[in-house]
Structures are given as structure tokens and as C-alpha cells.
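Counting from 0, one number per residue, gives the positions in the sequence shown under my numbering. Note that beta-carbon positions come from the ideal geometry of N, C-alpha and C, so glycine has one too.
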Amino acid sequence: METAQPLDNMVHDNDTLHDLERWAVRQVLRVENLSKQQVLLELHGIMEGYSYSWHCINELLQAQFDEGSLECSPVDGDVLFEWNNLCDEKRTWEKKWRLSVNDVGFNMDCLINLMILPVQAGLGNEVLRLVTSNVDKPNASTVDLWVGPKDSESLRCRAASWFMTDGDTSSSESEDSEYVDDEVETDDEGVKHMDVGVRDINGGESDEARNEDEAMGIGYESLSENGFDEEESEDSGDSSLESEIDDEDIGGLGVKIVDIDDDDISDFLL
Numbered sequence: 000m001e002t003a004q005p006l007d008n009m010v011h012d013n014d015t016l017h018d019l020e021r022w023a024v025r026q027v028l029r030v031e032n033l034s035k036q037q038v039l040l041e042l043h044g045i046m047e048g049y050s051y052s053w054h055c056i057n058e059l060l061q062a063q064f065d066e067g068s069l070e071c072s073p074v075d076g077d078v079l080f081e082w083n084n085l086c087d088e089k090r091t092w093e094k095k096w097r098l099s100v101n102d103v104g105f106n107m108d109c110l111i112n113l114m115i116l117p118v119q120a121g122l123g124n125e126v127l128r129l130v131t132s133n134v135d136k137p138n139a140s141t142v143d144l145w146v147g148p149k150d151s152e153s154l155r156c157r158a159a160s161w162f163m164t165d166g167d168t169s170s171s172e173s174e175d176s177e178y179v180d181d182e183v184e185t186d187d188e189g190v191k192h193m194d195v196g197v198r199d200i201n202g203g204e205s206d207e208a209r210n211e212d213e214a215m216g217i218g219y220e221s222l223s224e225n226g227f228d229e230e231e232s233e234d235s236g237d238s239s240l241e242s243e244i245d246d247e248d249i250g251g252l253g254v255k256i257v258d259i260d261d262d263d264i265s266d267f268l269l
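Here it is as C-alpha cells:
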């Protein structure tokens with residue numbers, strides 16, 4: 000941040016003009032001789048509004064702009080450009096309890112500009128009172144601290160939109176929820192498509208696969224006809240299988256038909 004440059008269009012009587020200019024020069028010299036802690040202490044008082052009339056100064060600057068006495072241009076050193084930067088720092092302070100840049104020189108420039116910008120803008124004799132005390136209305140919002148065109152496309156209006164309200168936050172969360180719901184609906188549709196695919200696969204079974212299923216069924220019937228009940232299968236079936244099944248027949252992912260014993264037990268599908 001740069002310190003603001005003097006204006007040529009300040010309108011004062013000669014005595015007042017010279018007095019304010021001398022006061023501004025003294026303020027610059029005074030701030031430059033402050034320690035780091037002293038600069039921070041003064042900034043704290045101003046940012047908290049204890050010793051500075053933010054809103055009164057802002058309204059007077061806006062009036063000067065509306066009259067055409069001040070112009071707003073994005074140039075370092077321009078009065079309104081630097082003032083709007085200071086307003087941003089005020090909002091940053093309220094949110095984070097610090098300025099946007101942690102630098103001694105930056106802090107000093109901010110403090111100097113806070114002191115001399117109202118003088119350079121030509122605000123008159125009110126300046127000394129406005130920069131040393133708070134005469135603002137209580138509980139004024141810092142969102143309104145901005146000088147520029149009043150139309151809806153102005154920087155001033157866009158600055159207000161940078162600060163989300165509770166309603167904006169809720170709306171954002173609601174949109175996220177809807178997005179998740181859409182994903183769930185998509186997943187459900189995907190499951191439906193999978194179900195259809197499984198039915199299609201089952202419907203397209205080959206004759207060979209159906210024959211194997213029939214063979215498996217016949218095998219179970221043969222077990223029942225030869226007197227194998229459920230308990231006998233649990234007691235002796237395991238040992239018979241372990242002794243007769245050839246390891247070479249258990250491989251791959253295909254269906255293997257093996258002989259279980261010599262009792263004419265039909266093919267058994269693994």
C-alpha cells in the first residue's frame with residue numbers, strides 16, 4: 000500500500016488549508032517515528048472504531064465523489080483507491096483480528112493513510128475530529144464502507160456481495176445435498192441396469208449349461224435312491240471326496256464333472 004498523494008482540487012480558505020497541510024505533515028513524521036508496537040496499538044484503536052469515524056468519513060468521501068470533486072481510479076496513491084483498500088483492511092480485521100499483510104511498513108502506510116486521506120480529500124475542518132474520535136452511529140455495518148458509483152455494477156455493490164449471509168451458506172449446503180442425492184439416484188439406476196443384465200445373462204444360457212444343471216439334479220436324485228440320507232453324507236461324504244477327486248480336475252474357472260465313488264453316483268457339478 001502506498002501513501003496517498005495530495006489533491007489539487009481541495010477547496011479551503013488559505014489559513015485552514017495551510018493548517019491542515021501542516022497537521023498532515025506532522026502526522027506523517029509522527030507515525031514514522033513510532034515503534035512497531037506503537038503502530039499496532041494505534042491501528043488497533045482505529046480498526047476497532049475507538050478513535051476513528053469510519054462511516055462519517057466514508058459518507059463525506061462519497062458525497063465528494065457524487066459531486067465530481069473526487070474520481071475513483073485503480074491507481075496506487077489515488078485517494079479513493081487507497082480509502083477503499085483501507086475499508087477492505089477494516090473488514091479483514093473484523094474477521095481475522097489482523098491486517099491482510101503482516102509487515103511493519105504496511106502497517107505504517109495504513110496508519111499514515113488513515114490520518115491524511117481525509118485531509119487530502121478536502122473534507123474541511125471536520126477532519127481533525129473524525130480521525131481522532133468515533134462519532135459514527137452504533138452497530139453500523141462495515142459492508143457499507145466503500146466509495147464509488149452507486150449503480151448495481153459498481154465495485155461498491157460487488158464488495159457487499161463478497162460477504163456471505165447465513166441464507167447464502169444454507170443455500171450452498173442445500174445445493175451440495177441435492178448433488179449427493181443425484182448421485183444416489185444414478186447409483187440406483189445403475190443397480191437396475193445390473194439386474195436387467197443378470198436376467199439377460201440367465202435368459203441366454205446355453206444348452207450345455209442347462210444340461211449340466213440337469214446332470215447335477217440327476218446326481219442328487221441318485222444319491223437319494225441309493226439310501227444316502229443327510230446324516231450319512233455329513234459323516235462319510237467328506238472323506239470319500241478327498242480320496243477320489245483328482246487335483247488336476249480342480250483348476251480354472253470352468254465347470255468340472257468328477258466321479259465321486261463306484262456306486263453309480265452320477266456326475267457331480269463343482
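Nearest to residue 122 by alpha-carbon distance, out of 109, 66, 44, is 66. Straight-line measurement puts the Cα of residue 143 at about 11 Å from the Cα of residue 149.
Remark: three or more beta-carbon pairs, one from each stretch, lie closer than 8 Å, so the segment 55-63 and the segment 115-131 are flagged as touching. Out of 25, 53, 24, the CA that lies nearest to the CA of residue 139 is found in 53. Residue 113 carries a helical assignment under DSSP once its states are collapsed to helix, strand and coil. The closest CA to that of residue 130, considering only 15, 35, 97, 112, is found on 112.
By alpha-carbon distance to residue 101, the top candidate from 81, 35, 49, 93 is 35. By the neighbour-count criterion, in which 16 or more other beta carbons inside 10 Å mark a residue as buried, residue 89 falls on the buried side. Where residue 39 is concerned, the enclosing alpha helix (DSSP H) starts and stops at 35-46. In the displayed model, residue 71 falls within coil according to three-state DSSP, outside both helix and strand.
Residue environment analysis places residue 49 among the exposed positions, since fewer than 16 neighbouring C-beta atoms fall within 10 angstroms of its C-beta.
The shortest C-alpha to C-alpha distance from residue 75 to any of 68, 109, 42 is the one to 109. In this structure, DSSP gives residue 149 a state outside helix and strand, which the three-state scheme calls coil.
Cβ-Cβ distances below 8 Å link residue 80 to 71, 72, 73, 74 in the same chain, with the five nearest sequence neighbours on each side left out; the list follows chain order. Closest in C-alpha terms to residue 116, from the list 17, 18, 141, 77, comes 77. Taking the C-beta atoms as reference points, residue 86 is found no nearer than 8 Å to residue 135. Taken through DSSP and simplified to helix, strand or coil, residue 141 comes out as helix. Put simply, of 146, 17, 16 the residue whose alpha carbon is nearest the alpha carbon of residue 82 is 146. With respect to the 8 Å criterion, residue 107 and residue 41 are not classified as neighbours on the basis of their beta carbons. In the structure shown, the three-state DSSP call for residue 79 is helix.
When 99, 51, 20 are compared, the shortest CA-CA separation from residue 137 is found for 51.
Residue 98: not part of any alpha helix (DSSP H); DSSP gives it neither H nor E.
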